[in-house]
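S.K.: A single structure is presented below for examination.
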Amino acid sequence: MQWIMVTKKDIVDTAISNGSFTTLVAAVKAAGLVGTLKGKGPFTVFAPTDAAFAKLPKGTVATLLKPENKSKLVAILTHHVLAGAVPSSAVVGKKLSPKTVNGTLLSVDGTMGVMVSGAKVVTADVKASNGIIHVIDKVLLP
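Each residue of the sequence shown is one higher than the one before, counting from 19 in my numbering.
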């Protein structure tokens, strides 16, 4: 018999409790996406760490968090989300081009580790009550 761990925390609360996603959480709040990512889902989120956001050119995050840039921020964040829960086991050994909730395509290469549009998945399959988080080492730009 296989046991599946069920968590009561949704994607947002899971990211908050981790401590490595303060920039992502701030961006999700600024974009008005908290309600969506706390919703029923399921979702798959490729979550850039604070270190990944720090790799962006200086001032980029502060600029994106401004109210006048909300639509650009929403486009970037929704480029990190797939409808449905996609575990890493579904991509191992494959090359895929899934459509994000933004309508853009990602390039997923599971032939040598898992890469998503040039970002390395550093931690896979973090389970949440409404989906799965895959931690990535850079911000994906649509």
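In this text, a Cβ means the ideal position worked out from N, Cα and C, and glycines have one as well.
Since the model is a prediction, treat every value here as computed from it, not as a measurement.
Tell me, please, whether the stretch 105-117 touches the stretch 139-155 by the rule of three or more beta-carbon pairs shorter than 8 Å.
M.R.: Of all C-beta pairs linking the stretch 105-117 to the stretch 139-155, three or more are shorter than 8 Å, placing the two stretches in contact.
S.K.: Reducing DSSP to helix, strand and coil, say where residue 155 ends up.
M.R.: Within the sequence shown, the letter at position 137 stands for residue 155. Correct three-state label for residue 155: coil.
S.K.: Identify the residues that DSSP records as bridge partners of residue 133: which are they?
M.R.: Residue numbering aside, residue 133 sits at position 115 when the sequence shown is read from its first letter. Bridge partners of residue 133: 127, 138.
S.K.: By how many angstroms is the C-alpha of residue 36 removed from the C-alpha of residue 74?
M.R.: Here residue 74 is taken as the residue at index 56 of the sequence shown, counted from 1. Here residue 36 is taken as the residue at index 18 of the sequence shown, counted from 1. When rounded, the distance between both Cα atoms is 21 Å.
S.K.: Helix, strand or coil, according to DSSP, for residue 68 in the structure here?
M.R.: In the sequence shown, residue 68 corresponds to position 50, counting from 1. Residue 68 falls in the helix class under three-state DSSP.
S.K.: Residues in the same chain with beta-carbon distance under 8 Å from residue 44, minus the five sequence neighbours each way, listed in chain order, please.
M.R.: By one-based count along the sequence shown, residue 44 stands at place 26. If we look at residue 44 and ignore the five residues flanking it on each side, its Cβ neighbours are 83.
S.K.: Please name the residue, chosen from 90, 130, 127, 32, that lies closest to residue 65 on a Cα-to-Cα basis.
M.R.: Position 47 of the sequence shown, counted from the first residue, corresponds to residue 65. Checking every option, the nearest Cα to that of residue 65 belongs to 32.
S.K.: Going by DSSP, name the residue or residues bridged to residue 61.
M.R.: Sequence index remark: in the sequence shown, residue 61 carries index 43 (1-based). Answer by DSSP bridge pairing, in chain order: 101, 149.
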